[in-house]
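Shown next, in structure tokens, is the structure this report addresses.
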Amino acid sequence: MSITNSPSVSAAVSGASNSMPGTVSNAASLLMLRKALDVQESGAVALLDALPQAPALATEGTLGRNLNTYA
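Take the position in the sequence shown, starting the count at 1, then add 60; the result is the number in the working numbering.
This is the structure:
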């Protein structure tokens with residue numbers, strides 16, 4: 061999922077920037093932009109939540125306490 065190249069975000073931004081300020085069309089464009097950004101945000105959060113957690117550092121013993129490396 062690419063946030064910067066999303067057609068819905070691009071369309072909302074261009075629509076919001078091309079309309080006259082203070083019009084109903086401008087308000088609708090800004091509302092659509094906010095909704096598109098909210099959808100992108102929820103998608104990004106879901107992707108970040110899907111990432112595996114890094115292994116925890118060792119708390120005892122001589123191995124893995126001072127330098128934590130993994131592949």
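The beta carbon of each residue, even a glycine, is placed where N, CA and C say it ideally should be.
Taking only beta-carbon positions, decide if A104 is within less than 8 Å of chain B.
Among the protein chains of the structure shown there is no chain B, as only one such chain exists.
In this structure, how does DSSP classify E120 when only helix, strand and coil are distinguished?
As a first step, residue 120 must be located in the sequence shown, where it is residue number 60. In this structure, E120 counts as coil in the three-state DSSP scheme.
For A116 and L97, the rounded distance between their alpha carbons:
The residue given as residue 97 occupies position 37 in the sequence shown. The residue given as residue 116 occupies position 56 in the sequence shown. For L97 and A116, the distance between alpha carbons rounds to 34 Å.
Between the C-alpha atoms of E101 and A110, what's the straight-line distance to the nearest angstrom?
For this step, residue 101 is matched to residue 41 along the sequence shown. For this step, residue 110 is matched to residue 50 along the sequence shown. C-alpha separation (whole angstroms): 14 Å.
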